[in-house]
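Worksheet: one structure, shown below.
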Amino acid sequence: MENCKKFYINGAWVDPASSETLAVINPATEKPVATIALGTAEDVDRAVAAARAAFDSYS
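When the sequence shown is numbered by full-length UniProt numbering, its final residue is 59 and no position is left out of the sequence of numbers.
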């Protein structure tokens, strides 16, 4: 089973603010195929801040 327990923010893989995860289920087999990290408002804030900081260089 695949695990993705980090987020790619500001050019780096970072740990999420929470340790909560979610199983991704294959609908054909109803078996888990991966575990992913669940983001929080703090994770969103970090990602948005990074995007805003990079925006001018891409505009």
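Where is the CB? At the ideal position from N, CA and C, for every residue including glycine.
query	result
Three-pair Cβ contact test at 8 Å for the segment 17 to 32 versus the segment 47 to 57	no
Candidates R46, N26, V33 and T29: closest to A12 by CA position	R46
First and last residue of the uninterrupted beta strand (DSSP E) at N34	Reading off the sequence shown, one finds Ala at residue 34, where the question assumed Asn. From DSSP, the beta strand (DSSP E) with A34 extends over K31 to A37.
Close Cβ partners of K5 (< 6 Å) along its chain, the five nearest in sequence each way excluded	A37
C-beta contact flag for N10 and T35 at 8 Å	no
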